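Numbering (the working numbering), first residue to last: 43 to 614.
This report refers to the structure that appears directly beneath it.
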Ligand code: ARG
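Okay, here's the thing in structure tokens:
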């Protein structure tokens, strides 16, 4: 249990006695003491008594002697709590012996679907897909580590009217030629050429429209050409995932097309439930409370006027399948914020239909854009969208150059491996260390900097600790007695003890910048500790105790970075 909870458990009964009703003591880390509670201030207004009196009375009733070396009233009525060295040392000892670093496996395992990445066939992945892939992968890793059953759902865009023109273009090019172009990752030019032909050439456009009908009707030749497009794209996306070092596999592609057979029944069921209304020839559901700018109710189109099904119907079918056949109780959608409305409506309709009922819930894990240094949407020099692979290659080559420069002894193979870990780590960390709701600026210098809140800084802290053990010829020590006398030791210990709490919160809110921030504070506290407290030059039990702190810090950095999808090379 973390210290906030331990202290809360002791203060809450005392507050309740004084107030006569339950009170949340609101225990927080503080600059003045180790922890502070300001609950007496709010309570004073309610009880009409001086806050300092209330605080003093709470202290009389609270059993803190075994946890705190000091507990006092300060200022207008704060409770300042100083944790006893012995208590803190005991927590560190327990943590050091715990392979899970104070993060228990969940007592209530759930099946969680993480819908992420989801690029579109025959289209280049853009930076929005990068964010989805990085955030979604962190969510999958974290929830899996906590003991949940995670289903990775890569909701590939592999269906819809554009496939008519794509297949026609493929047929024009010849299969071999097209496969060649697509496998090189020339997805954008393939798509654009098809689009240009569609716009300029009426005969081509007509053929394309007939192709859509053939595709939907299951014409074998058309289906085979479509499969070719899908497979080539999947293969290409897999190379990107490989480079990005994410946990998605071929088995995680659950393309939109896989829901085709469910679309009809889904709309029929909505209709049977009396939820469908005709509007302009289209079948619509108007979820209650969803109002457009003009004040009119907004429709979710579940079947278009041409009787085709679109994005919304597919998402409804996916929900039904995920909460039904898959038995999921938590659905995460890691998709950019512009699609917020879409998901709100889809969830509302699914709830109306009874496919999404508490305790099962769906959450839109939305995110902002990546901006260029000019503060505008990231664009290539030519003004087009930035090719993801190019971005990753640039990260790796910059990081490899840095690694070579810093450590000329690294062999070529090791430099390449370090460059990959650092470059990809930097990209992921820049994303995850920012509040996902906001846009952020892609800044190479900053994300590759060795100090500051960056992946290289954390990776460096990790490798530095490992080198301490290497230099001393020591294996990690787990069982030495811990003693904490120096302020820098205590500060580090508080960060170590706080890990479990942060991980638990992030599992709920999927705001990975809190985990990143915690790792950063941990590494910074380590660095101060290492400056002020000799480790290998210390003697006897002090040396042993400090080695425990070192090893624990390294393990926590390693695990924390793993959860963010970032590697920790042993030497940088
Ligand atoms: N393919 C979509 C896009 O590129 C994202 C799909 C997100 N997932 C979902 N279930 N709708 O915008």
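Note that beta-carbon positions come from the ideal geometry of N, C-alpha and C, so glycine has one too.
Just so we're clear, the structure is a prediction, and the values are computed from it rather than from any experiment.
For residue i and residue j, I'd like the C-alpha separation in whole angstroms.
{"i": "residue 128", "j": "residue 532", "result": "11 Å"}
{"i": "residue 619", "j": "residue 153", "result": "Not covered by the structure: residue 619. The range shown for the chain is 43 to 614."}
{"i": "residue 56", "j": "residue 72", "result": "21 Å"}
{"i": "residue 203", "j": "residue 284", "result": "30 Å"}
{"i": "residue 618", "j": "residue 431", "result": "Within the shown structure, residues of the chain are numbered from 43 to 614, placing residue 618 beyond reach of any answer."}
{"i": "residue 453", "j": "residue 213", "result": "48 Å"}
{"i": "residue 457", "j": "residue 510", "result": "21 Å"}
{"i": "residue 176", "j": "residue 474", "result": "8 Å"}
{"i": "residue 412", "j": "residue 171", "result": "11 Å"}
{"i": "residue 69", "j": "residue 145", "result": "20 Å"}
{"i": "residue 254", "j": "residue 292", "result": "26 Å"}
{"i": "residue 58", "j": "residue 99", "result": "11 Å"}
{"i": "residue 447", "j": "residue 441", "result": "10 Å"}
{"i": "residue 593", "j": "residue 359", "result": "48 Å"}
{"i": "residue 240", "j": "residue 263", "result": "21 Å"}
{"i": "residue 455", "j": "residue 265", "result": "44 Å"}
{"i": "residue 94", "j": "residue 494", "result": "40 Å"}
{"i": "residue 507", "j": "residue 110", "result": "31 Å"}
{"i": "residue 575", "j": "residue 590", "result": "13 Å"}
{"i": "residue 331", "j": "residue 383", "result": "12 Å"}
Alpha carbons only, please: which of the options is nearest the one belonging to residue i?
{"i": "residue 562", "options": "498, 515, 574", "result": "498"}
{"i": "residue 372", "options": "363, 456, 469, 94", "result": "363"}
{"i": "residue 600", "options": "538, 354, 577", "result": "538"}
{"i": "residue 193", "options": "343, 170, 375, 320", "result": "375"}
{"i": "residue 174", "options": "554, 603, 571", "result": "554"}
{"i": "residue 188", "options": "406, 219, 548", "result": "548"}
{"i": "residue 185", "options": "610, 464, 551", "result": "551"}
{"i": "residue 465", "options": "527, 422, 611", "result": "611"}
{"i": "residue 565", "options": "260, 530, 586", "result": "530"}
{"i": "residue 317", "options": "113, 535, 109, 341", "result": "341"}
{"i": "residue 62", "options": "103, 267, 385", "result": "103"}
{"i": "residue 595", "options": "584, 576, 567, 573", "result": "567"}
{"i": "residue 220", "options": "268, 248, 242", "result": "268"}
{"i": "residue 671", "options": "138, 92, 115", "result": "Outside the displayed range of the chain (43 to 614) lies residue 671, so it cannot be described from this structure."}
Can you check whether the CB of residue j is closer than 8 Å to the CB of residue i?
{"i": "residue 438", "j": "residue 462", "result": "yes"}
{"i": "residue 250", "j": "residue 210", "result": "yes"}
{"i": "residue 25", "j": "residue 356", "result": "In the structure as shown, the chain starts at 43 and stops at 614, and residue 25 therefore has no counterpart that could be examined."}
{"i": "residue 615", "j": "residue 578", "result": "There is simply no residue 615 to check, as the chain begins at 43 and stops at 614 in what is shown."}
{"i": "residue 327", "j": "residue 312", "result": "yes"}
{"i": "residue 630", "j": "residue 479", "result": "Examination of residue 630 is not possible in this model, given that the chain is present from 43 through 614 alone."}
{"i": "residue 388", "j": "residue 354", "result": "yes"}
{"i": "residue 77", "j": "residue 106", "result": "no"}
{"i": "residue 119", "j": "residue 82", "result": "yes"}
{"i": "residue 156", "j": "residue 200", "result": "no"}
{"i": "residue 322", "j": "residue 347", "result": "yes"}
{"i": "residue 44", "j": "residue 540", "result": "yes"}
{"i": "residue 429", "j": "residue 607", "result": "no"}
{"i": "residue 198", "j": "residue 161", "result": "yes"}
{"i": "residue 179", "j": "residue 289", "result": "yes"}
{"i": "residue 598", "j": "residue 143", "result": "yes"}
{"i": "residue 329", "j": "residue 377", "result": "no"}
{"i": "residue 208", "j": "residue 271", "result": "yes"}
{"i": "residue 196", "j": "residue 294", "result": "yes"}
{"i": "residue 315", "j": "residue 367", "result": "no"}
Hey, quick one: how far does the beta strand (DSSP E) through residue i stretch, first residue to last?
{"i": "residue 120", "result": "120-125"}
{"i": "residue 492", "result": "Note, residue 492: premise wrong, no beta strand (DSSP E); not H, not E."}
{"i": "residue 342", "result": "342-345"}
{"i": "residue 320", "result": "318-321"}
{"i": "residue 192", "result": "191-195"}
{"i": "residue 522", "result": "Counting along the chain, residue 522 falls outside any beta strand (DSSP E), and DSSP gives it neither H nor E."}
{"i": "residue 327", "result": "324-327"}
Could you check whether the Cβ of residue i sits closer than 7 Å to any heavy atom belonging to the ligand GTP?
{"i": "residue 161", "result": "You won't find the ligand GTP in this model; what it holds is the ligand ARG."}
What span of residues does the alpha helix (DSSP H) with residue i cover, start to end?
{"i": "residue 592", "result": "582-605"}
{"i": "residue 275", "result": "262-286"}
{"i": "residue 530", "result": "529-539"}
Give the list of continuous alpha helix (DSSP H) stretches no shorter than 4 residues that lie fully inside the region 348-434.
353-365, 382-395
What are the complete beta strand (DSSP E) segments, minimum 3 residues, inside the region 50-86?
69-71, 77-79
Extract the residue ranges of the beta strand (DSSP E) inside the region 86-173, only unbroken runs of 3 or more that lie entirely within it.
110-116, 120-125, 153-157
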